[in-house]
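Participant:
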Amino acid sequence: MKSSSSILALFLCSLMILPSDHAIESPQYVVALLATDFEIRVYKNSTWMSAPVRGTSFEKSTKEGFHRLYQFIHGANLDSSEIDITSPVMTSIAQSSQGSFKSYCVSFYLPAKFQGAPPQPNPELNLKLDEQRAECVAVRKFSGFARDDNIDQEMEALVASLDNYTSSRIIKNNKNTFAVAQYNASYHLSRRLNEVWLKVGFPGCK
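As numbered in mature numbering (1 follows the signal peptide of the UniProt record, and there is no 0), residues -23 to -1, 1 to 183 make up the sequence shown, in order.
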């Protein structure tokens, strides 16, 4: 059996080699605010399949959670359905106010054909259907690799940018709950794209 890290690398690699006429689906959004170092997006209702993980680190938890999701999209479901690749790979992180405990949830956006009635995952995978309501998120892009030693700093930089933005009132949700989106194959060393997401309140966001 392939290791979790090999499976995640294989999946992210496949995002880079699909034919140009095969568009990779992503959750739909509109940009409500475009600032110098962040943007605010309004996402529509969407359905994801998620793998909760009580892990010890962001990197290990992402690999473990996606190992289960990879099996699901390759037929480990009650319909034996193959599910098209989407992006990004999303890891949600919740930590205590003291930062002493963290929980993780790795999520896969379901393609449009499965948004209404997705196949049920095999029970042993311990996956859950995640119905996301329309929401407003602040997004900061960053390059390189998303790792345990940089995601907190990227989140703090996003919070600082939101605090310093004075043209409009932005209401931050709990900064101890945020998400990291990854878009690139692990072997892809240049022009990498990652994002940190924080739910916010913003005029015009419903």
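Quick reminder that beta carbons are idealized off the backbone N, C-alpha and C, glycines included. In this text the structure is predicted, and so the values were computed from the model without any measurement.
Does the beta-carbon of G178 have 16 or more other beta-carbons within 10 angstroms, so that it is buried, or is it exposed?
Facilitator: By one-based count along the sequence shown, residue 178 stands at place 201. The residue in question, G178, is exposed, as its Cβ has fewer than 16 Cβ neighbours within 10 Å.
Participant: Identify, in the order they occur along the chain, each residue of the same chain with its Cβ nearer than 6 Å to the Cβ of T39, setting aside the five sequence neighbours on each side.
Facilitator: Here residue 39 refers to the residue found at position 62 when the sequence shown is read from its first residue. Excluding residues within five positions, the ones whose Cβ falls inside 6 Å are T68, V83.
Participant: Using alpha carbons as the reference points, say which of P98, D125, L11 lies closest to V157.
Facilitator: Looking up residue 157 in the sequence shown gives position 180. Nearest C-alpha to V157: D125.
Participant: For K105, which residues from the same chain have a beta carbon less than 6 Å from its beta carbon, with the 5 sequence-adjacent residues on both sides left out?
Facilitator: By one-based count along the sequence shown, residue 105 stands at place 128. Cβ within range, chain order: S27.
Participant: For the candidate residues A111, V136, T154, G181, whose alpha-carbon lies nearest to that of K21?
Facilitator: Within the sequence shown, residue 21 is the residue found at index 44, counting from 1. The option with the nearest alpha carbon to K21 is A111.
Participant: Go through the segment 58 to 93 residue by residue and report every complete run of the beta strand (DSSP E) that reaches 3 residues or more, in order.
Facilitator: DSSP runs (the beta strand (DSSP E)) wholly in the segment 58 to 93: 66 to 72, 79 to 86.
Participant: Check whether the segment 138 to 152 touches the segment 43 to 51, taking contact to mean three or more Cβ pairs, one atom from each stretch, closer than 8 Å.
Facilitator: Contact fails: fewer than three Cβ-Cβ distances are below 8 Å.
Participant: Compare the beta carbon distance of V19 and G181 with 9 Å and say whether it is the shorter of the two.
Facilitator: Counted from its first residue, the sequence shown places residue 19 at position 42. Counted from its first residue, the sequence shown places residue 181 at position 204. In contact: V19 and G181 (Cβ atoms closer than 9 Å).
Participant: Could you check which residue in K152, N151, N153, L170 has the C-alpha nearest to that of Q159?
Facilitator: Residue numbering aside, residue 159 sits at position 182 when the sequence shown is read from its first letter. Residue L170 is the option with its Cα nearest to Q159.
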